[in-house]
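Asks: Top line first, the protein sequences correspond to chains R and C. Position 55 of the first sequence, counted from 1, bears residue number 55 in my numbering, the numbering being contiguous throughout. Whatever position you read off the second sequence (first residue = 1), add 227 for my numbering. In this text, a Cβ means the ideal position worked out from N, Cα and C, and glycines have one as well. What follows is a single structure, and I will ask about it in a moment.
2 protein chains.
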Amino acid sequence: MSTRELSPTPRSTIQRGKDRAATDRAALIAVLDAGLICHLGFVTPDGAPVVIPTGYGYEGSTLYLHGSTGAASLRAGAGGEVCVNVTLLDGVIYSRSVFHHSVNYRSATVHGRATRVTDPDAKLHALHVITEHLAPGSWDHARGPNAQEFAKTAVLALDLTEAAVKIRTGGPGEDPDDLTPDRVGSVWAGVVPLVRGWGTPEPCELLPADVAAPDYVTRREPQDGPQ
Amino acid sequence: MSTRELSPTPRSTIQRGKDRAATDRAALIAVLDAGLICHLGFVTPDGAPVVIPTGYGYEGSTLYLHGSTGAASLRAGAGGEVCVNVTLLDGVIYSRSVFHHSVNYRSATVHGRATRVTDPDAKLHALHVITEHLAPGSWDHARGPNAQEFAKTAVLALDLTEAAVKIRTGGPGEDPDDLTPDRVGSVWAGVVPLVRGWGTPEPCELLPADVAAPDYVTRREPQDGPQ
Chain R
1 MSTRELSPTP RSTIQRGKDR AATDRAALIA VLDAGLICHL GFVTPDGAPV VIPTGYGYEG
61 STLYLHGSTG AASLRAGAGG EVCVNVTLLD GVIYSRSVFH HSVNYRSATV HGRATRVTDP
121 DAKLHALHVI TEHLAPGSWD HARGPNAQEF AKTAVLALDL TEAAVKIRTG GPGEDPDDLT
181 PDRVGSVWAG VVPLVRGWGT PEPCELLPAD VAAPDYVTRR EPQDGPQ
Chain C
228 MSTRELSPTP RSTIQRGKDR AATDRAALIA VLDAGLICHL GFVTPDGAPV VIPTGYGYEG
288 STLYLHGSTG AASLRAGAGG EVCVNVTLLD GVIYSRSVFH HSVNYRSATV HGRATRVTDP
348 DAKLHALHVI TEHLAPGSWD HARGPNAQEF AKTAVLALDL TEAAVKIRTG GPGEDPDDLT
408 PDRVGSVWAG VVPLVRGWGT PEPCELLPAD VAAPDYVTRR EPQDGPQ
């Protein structure tokens with residue numbers, strides 16, 4: 001995907017906190033790369049919103065989601081409007097006023113109409129893409145889906161065109177009245193970062209002792225972990 | 228809140244992966260305590276779903292959300308159906324088949340009709356609750372909201388009654404055919420945990436050098452960090 005600008009529609013144009021809006025494809029891709037799961041929103045037939053956490057993958061300008069063919073999300077999402085959000089939380093902002101407390105984060109939101117991927121080759125490819133995002137390298141080693149597993153799995157595709165990215169970094173914002181010499185030191189202000197990482201792999205207890213964890217497990221990127 | 232069972236309606240009754248459903252209040256509270264942000268889903272006037280990450284707090288059986296009075300989420304959420312999800316991701320499951328790849332997680336979903344909190348005392352209390360969740364202890368030290376800030380902030384309340392909790396822990400699930408003596412060691416299987424923590428506080432550059440980070444900043448719980 002190029003680094004050209006996103007092409008947001010009115011609903012994907014950030015209205016609040018415009019100074020935090022990023023408008024290029026590279027920012028979107030960076031968030032999708034850093035995240036591990038997304039939150040999928042859809043509307044039930046009776047008009048209520050539902051939000052579920054789920055895995056994803058992307059390739060080019062297409063986001064892929066998958067789930068059981070029996071899942072409400074897949075039934076409602078296929079052909080319907082969905083909203084997908086991926087957020088990484090990077091820290092808590094302590095300000096001199098509670099009004100300016102905040103968080104540092106990177107957040108991508110994609111709106112659109114999801115379509116069911118039904119062509120077998122395209123669907124298998126999408127599952128490969130999703131698996132590479134969750135567990136990179138494992139597709140070449142783990143057993144692929146058999147006919148029954150393949151039939152049980154539904155895949156949705158969502159175009160990444162209608163997307164918005166919002167990022168906050170840095171220290172606290174403050175009301176100027178709280179930065180006067182007599183008040184600037186009245187209370188501690190700053191950032192408490194959130195740090196993430198991959199822990200030591202825990203082998204399945206059934207695994208023979210001579211099967212060592214491969215590089216794709218022990219050295220997965222990013223080394224600082226996803227959201 | 229007691230540890231009595233949740234009282235789910237059909238839409239909050241977990242249909243997929245029932246073995247991962249937790250049905251008591253204590254499980255719900257544990258997820259809300261461990262999380263730092265939620266994902267709020269609502270439906271726009273033209274019927275499309277929107278998902279946004281946002282802070283929250285809870286007290287008793289009420290979840291509180293806040294935002295700018297001008298935010299679409301607050302306008303659409305007040306009086307309308309919303310869905311709130313809090314998810315903590317605990318690890319990636321590598322199985323012997325890609326179909327059984329998964330994640331360990333703790334996830335709480337709350338459905339309901341959000342109401343706007345307008346009584347000034349109740350609204351200030353809700354903001355206190357939300358602030359305590361984001362930055363515990365800071366309410367007693369940072370400046371409280373002035374009239375203008377208070378007017379700009381909207382608060383929503385959502386009852387925690389209609390909720391579902393789903394938790395996955397442990398190692399990989401497998402197809403029995405992949406656990407035969409000749410295949411059980413065919414590929415590495417296990418869990419790669421995700422670890423989180425609070426980093427070293429970074430003071431605001433304007434803060435006088437003699438203002439040390441207080442205990443409520445340096446020793447915040449949980450020490451292993453939220454989601």
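Would you please verify whether the beta carbon of C:Y291 is less than 8 Å from any beta carbon of chain R?
Replies: So, not an interface residue.
Asks: Using the beta-carbon of each residue, which ones in chain R are nearer than 9 Å to C:A416?
Replies: Chain R residues near C:A416: A142, P203, C204, L206, L207 and V211.
Asks: When DSSP labels each residue in this structure, what does C:T445 get in the three-state scheme?
Replies: DSSP places C:T445 in helix when its eight states are reduced to three.
Asks: Between C:A390 and chain R, is there a C-beta pair that is closer than 8 Å?
Replies: No, because no Cβ of chain R sits closer than 8 Å to the Cβ of C:A390.
Asks: Considering only residues of the same chain and omitting the five flanking positions on each side of R:V211, which have a CB-CB separation below 8 Å?
Replies: So the list reads P203, once near-sequence residues are dropped.
Asks: What separation, rounded to the nearest whole angstrom, lies between the Cα atoms of C:G286 and C:D260?
Replies: The sequence shown places Glu at residue 286 of chain C, rather than the Gly named in the question. So the two alpha carbons sit approximately 11 Å from each other.
Asks: If you draw a straight line from the alpha carbon of R:I93 to that of C:G412, how long is it in whole angstroms?
Replies: If I take the Cα positions, the gap works out to 47 Å.
Asks: Using 10 angstroms around the beta-carbon of C:D405, count the other beta-carbons present and answer buried if the total reaches 16, otherwise exposed.
Replies: Classification of C:D405: buried, given that the 10 Å Cβ count is 16 or more.
Asks: Find out if the Cβ-Cβ distance for the pair C:A460, R:H101 is shorter than 8 Å.
Replies: The requested residue 460 of chain C does not occur in the structure, where chain C is confined to residues 228 to 454.
Asks: Check the Cβ-Cβ distances between R:G173 and every residue of chain C, and say whether any is below 8 Å.
Replies: Chain C, which has no Cβ nearer than 8 Å to the Cβ of R:G173, makes this no.
Asks: Provide the residue span of the beta strand (DSSP E) that contains R:L89, from first to last.
Replies: Element bounds for R:L89: E81 to Y94.
Asks: Going by beta-carbon coordinates alone, are R:T218 and R:P193 separated by less than 8 Å?
Replies: Cβ atoms of R:T218 and R:P193: not closer than 8 Å.
Asks: Hey, how far is the Cα of C:G371 from the Cα of R:V98?
Replies: Near 6 Å, if we compare the C-alpha coordinates of R:V98 and C:G371.
Asks: For R:Y105 and chain C, any beta-carbon pair shorter than 8 Å?
Replies: Judged by the 8 Å Cβ criterion, R:Y105 is in contact with chain C.
Asks: What does the alpha-carbon distance come out to for the pair R:A114 and R:D175?
Replies: Cα-Cα distance, rounded: 43 Å.
Asks: So, is C:A275 buried or exposed, given that buried needs 16 or more other C-beta atoms within 10 angstroms?
Replies: Classification for C:A275: buried.
Asks: How big is the Cα-Cα spacing for C:I282 and C:E432?
Replies: Rather than Ile, the amino acid found at residue 282 of chain C in this sequence is Gly. Approximately 25 Å between the Cα atoms of the pair.
Asks: Counting contacts by CB-CB distance shorter than 8 Å, is C:L385 in contact with chain R?
Replies: Chain R contact via Cβ: absent.
Asks: Rounded to whole angstroms, what is the Cα-Cα separation between R:P45 and C:L434?
Replies: Those two C-alpha atoms are separated by around 53 Å.
Asks: Helix, strand or coil for C:P347 per DSSP?
Replies: It is helical.
Asks: Rounded to whole angstroms, what is the Cα-Cα separation between R:W188 and C:G417?
Replies: Roughly 43 Å between the two C-alpha positions.
Asks: Using only CA atoms, which one of C:V311, C:L354 and C:I279 lies nearest to C:V258?
Replies: If we check each option's Cα against that of C:V258, C:V311 comes out closest.
Asks: In whole angstroms, give me the CA-to-CA distance for C:G284 and R:G57.
Replies: Roughly 31 Å between the two C-alpha positions.
Asks: Taking R:Y105 and R:L88 to be in contact with their CB atoms under 8 Å, please state how far apart those CB atoms are, rounded to whole angstroms.
Replies: R:Y105 to R:L88, Cβ: 6 Å. Contact.
Asks: Consult DSSP for R:T131 and reduce its assignment to one of helix, strand or coil.
Replies: In this structure, R:T131 counts as helix in the three-state DSSP scheme.
Asks: Determine which residues share a DSSP beta bridge with C:T342 and list them.
Replies: Its beta-bridge partners are C:A384.
Asks: Considering only DSSP beta bridges, list what R:H100 is partnered with.
Replies: Bridge partners of R:H100: none, in fact.
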